[in-house]
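Visitor: FYI, the numbering for the sequence shown is 266 to 417, going by our numbering.
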Amino acid sequence: MGRREELLRAEAEGWEELIAVLDATAPELLEPPGVNADGWAVRDVMWHVAFWCSDAARALNDIAEGRFERAHEPYGAEEVDRLNDRELERSRGMRVDEVRAELHLGRSAMLERFGALEVLTADADEWFEESGPLHYAEHLPELEAWIRAHPR
Numbered sequence: 266m267g268r269r270e271e272l273l274r275a276e277a278e279g280w281e282e283l284i285a286v287l288d289a290t291a292p293e294l295l296e297p298p299g300v301n302a303d304g305w306a307v308r309d310v311m312w313h314v315a316f317w318c319s320d321a322a323r324a325l326n327d328i329a330e331g332r333f334e335r336a337h338e339p340y341g342a343e344e345v346d347r348l349n350d351r352e353l354e355r356s357r358g359m360r361v362d363e364v365r366a367e368l369h370l371g372r373s374a375m376l377e378r379f380g381a382l383e384v385l386t387a388d389a390d391e392w393f394e395e396s397g398p399l400h401y402a403e404h405l406p407e408l409e410a411w412i413r414a415h416p417r
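1. Going straight from the alpha carbon of W392 to that of A291, what length do you get?
2. Could you tell me whether the segment 405–415 touches the segment 288–305, using the rule of 3 or more Cβ pairs below 8 angstroms?
3. Find the nearest neighbour of L376 within the set R268, L272 and G267, judged by alpha-carbon distance.
4. Please classify F379: does DSSP put it in a helix, a strand, or coil?
5. Measuring straight from C-alpha to C-alpha, what distance separates L325 and A389?
6. Here's a check: name, in chain order, each residue in its chain whose Cβ is nearer than 7 angstroms to the Cβ of R365, leaving out the five neighbours to either side.
7. Are A275 and P398 closer than 9 angstroms when you measure CB to CB?
8. If you check the beta carbons only, do H400 and N349 fall under 9 angstroms apart?
9. Thinking C-beta only, is D309 closer than 9 angstroms to S396?
10. Secondary structure at M266, three-state DSSP: helix, strand or coil?
11. Is D362 helix, strand or coil by DSSP?
12. Short of 7 angstroms in beta carbon distance, which residues of its chain neighbour A329, apart from the five on each side in sequence? Order them along the chain.
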């Protein structure tokens with residue numbers, strides 16, 4: 266199995282786990298804060314993942330078109346925190362059904378752009394893995410803990 270296939274398999278498995286957890290979350294538990302120490306709701310986590318999948322799609326598109334310049338990527342730790350804070354506020358003004366739809370759209374765009382790459386560069390590998398399988402795995406434990414703490 267090549268690296269591209271390995272990444273796609275890891276993404277599909279992580280996505281399946283993420284969606285299973287989200288589908289198991291009672292509707293009344295999607296909007297209250299408390300999923301993590303930052304006070305996010307499940308809706309906020311869904312938007313956070315959706316945003317980064319969409320941003321990965323943007324980066325992968327730039328890579329495919331030869332326009333990606335790592336030196337111009339604004340994603341140091343402070344910039345990531347600023348983007349996360351901005352997107353958290355944005356998610357709080359959205360309905361859960363909108364967020365869920367954007368989650369699926371963001372993932373689809375990321376997969377489409379990844380699949381369109383002729384060559385899997387180190388930058389493309391990193392963007393896809395960090396925004397997909399590793400990111401899903403980062404947030405699964407807090408979502409699972411939230412569900413366990415609030416049984417139906």
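Cβ atoms here follow ideal geometry from the backbone N, Cα and C, with glycine treated the same way.
None of the values given here were measured: they were computed from a predicted structure.
Guide: On the basis of the supplied data:
1. Reading the sequence shown from its first residue, position 127 is the one you call residue 392. Reading the sequence shown from its first residue, position 26 is the one you call residue 291. Those two C-alpha atoms are separated by around 32 angstroms.
2. yes
3. For the purposes of this step, residue 376 is identified with residue 111 of the sequence shown, where counting begins at 1. Minimum Cα distance to L376 is reached at L272.
4. On the sequence shown, position 114 is the one that residue 379 refers to. F379 sits in a helix when the DSSP states are folded into three classes.
5. As a first step, residue 325 must be located in the sequence shown, where it is residue number 60. As a first step, residue 389 must be located in the sequence shown, where it is residue number 124. Using only the alpha carbons, I get a separation of about 6 angstroms.
6. Mapped onto the sequence shown, residue 365 falls at position 100. Taken in chain order, the residues that qualify are M311.
7. Mapped onto the sequence shown, residue 275 falls at position 10. Mapped onto the sequence shown, residue 398 falls at position 133. Cβ distance < 9 angstroms, so A275 and P398 count as in contact.
8. Along the sequence shown, one-based indexing puts residue 400 at 135. Along the sequence shown, one-based indexing puts residue 349 at 84. No. Outside cutoff.
9. Taking the first residue of the sequence shown as position 1, residue 396 is located at position 131. Taking the first residue of the sequence shown as position 1, residue 309 is located at position 44. For S396 and D309, no; Cβs fall outside 9 angstroms.
10. Position 1 of the sequence shown, counted from the start, is the residue given in the question as residue 266. Coil at M266, not helix or strand.
11. As a working note, residue 362 is residue 97 in the sequence shown. Note: D362 maps to helix in three-state DSSP.
12. Translated into the one-based positions of the sequence shown, residue 329 becomes position 64. Result list for A329: R378, A381 and L382, in chain order.
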